[in-house]
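Asker: Questions regarding the structure given below will be posed in turn.
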Amino acid sequence: MDTEAQKLLIAVIQAADSDLLSDVLQEHHILFTRLPSVGSFLHERNATYLVSCKQTDEAAVRELLISTCGKRITFIATPIENAPLPMPYPTEIIVGGINLFSLDLEHFEEF
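This is the structure we're talking about:
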């Protein structure tokens, strides 16, 4: 194992960006593990990535993650209050992007 300091980046992204991000990380020879997950607010499918990189490469990897996972506009149905019949009203929301956590990695082994 390298003795250089390592970082663990945890990235939570929308499932729509998952295949593209996997391809980009593989092209750049960046080690990662992809886990399926579900968001708690909209109950949409997500993917959680565990990405290992050297501390000196962290900024470049972060930029790669951020630039690959974009935000987009979608609509959710919200009920109109005080309507005689329950009528959903489309409400515009912004989804996507990336939630990114960075941790110091004490130990890492690759078999």
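For the sequence shown, position 81 matches number 1429 in the numbering used here, and the numbering has no gaps at all. Cβ atoms here follow ideal geometry from the backbone N, Cα and C, with glycine treated the same way.
1. Run through DSSP, which three-state label would residue 1385 get?
2. In three-state terms, what does DSSP make of residue 1406?
3. With DSSP run on the structure shown, which of helix, strand or coil describes residue 1379?
4. How far does the beta strand (DSSP E) with residue 1440 in it extend, from its first residue to its last?
5. Going by beta carbon distance, what residues of the same chain come within less than 6 angstroms of residue 1401, once the five residues before and after it are set aside?
6. So residue 1386 and residue 1359 are supposed to be a Cβ contact under 8 angstroms. How far apart are they, rounded?
7. If you count every other CB in all the chains shown that lies within 10 Å of the CB of residue 1413, and 16 or more means buried, which is it?
8. What would DSSP say about residue 1433, mapped onto helix, strand or coil?
9. Report all residues from its chain with a CB closer than 7 angstroms to the CB of residue 1512; omit the five preceding and five following residues, and keep chain order.
10. Could you compute how far the alpha carbon of residue 1447 sits from the alpha carbon of residue 1458?
11. Specify, as a first and last residue, the run of the beta strand (DSSP E) that residue 1361 falls within.
12. Pull up the distance between the alpha-carbon of residue 1429 and that of residue 1407, whole angstroms please.
Answerer: Reading from the atomic positions:
1. The sequence position of residue 1385 within the sequence shown is 37, counting from 1. Here residue 1385 sits in strand by DSSP.
2. Position 58 of the sequence shown holds residue 1406. Residue 1406: helix per DSSP, three-state reduction.
3. As a working note, residue 1379 is residue 31 in the sequence shown. The three-state reading of DSSP puts residue 1379 in strand, counting E and B together.
4. Locating residue 1440 in the sequence shown gives position 92, counting from the first residue. Counting along the chain, residue 1440 sits inside the beta strand (DSSP E) bounded by residues 1436-1444.
5. Mapped onto the sequence shown, residue 1401 falls at position 53. Around residue 1401: 1355 and 1409.
6. Start at 1 with the first residue of the sequence shown, and residue 1386 comes out as number 38. Start at 1 with the first residue of the sequence shown, and residue 1359 comes out as number 11. The distance from the Cβ of residue 1386 to that of residue 1359 is about 16 angstroms, inconsistent with a contact at the 8 angstroms cut-off.
7. Along the sequence shown, read from residue 1 onward, the residue named residue 1413 stands at position 65. Residue 1413 should be labelled buried.
8. By 1-based counting over the sequence shown, the position of residue 1433 is 85. In the three-state reduction of the DSSP assignment, residue 1433 falls in the coil class, being assigned neither a helical nor a strand state.
9. The chain is shown from 1349 up to 1459; residue 1512 falls before or after that span and cannot be answered.
10. Here residue 1447 refers to the residue found at position 99 of the sequence shown. Here residue 1458 refers to the residue found at position 110 of the sequence shown. A direct Cα-to-Cα measurement between residue 1447 and residue 1458 gives close to 26 angstroms.
11. Position 13 of the sequence shown holds residue 1361. Start and end: 1354-1362.
12. For the purposes of this step, residue 1429 is taken as residue 81 along the sequence shown, with counting starting at 1. For the purposes of this step, residue 1407 is taken as residue 59 along the sequence shown, with counting starting at 1. Looking at the two C-alpha atoms, the distance is approximately 47 angstroms.
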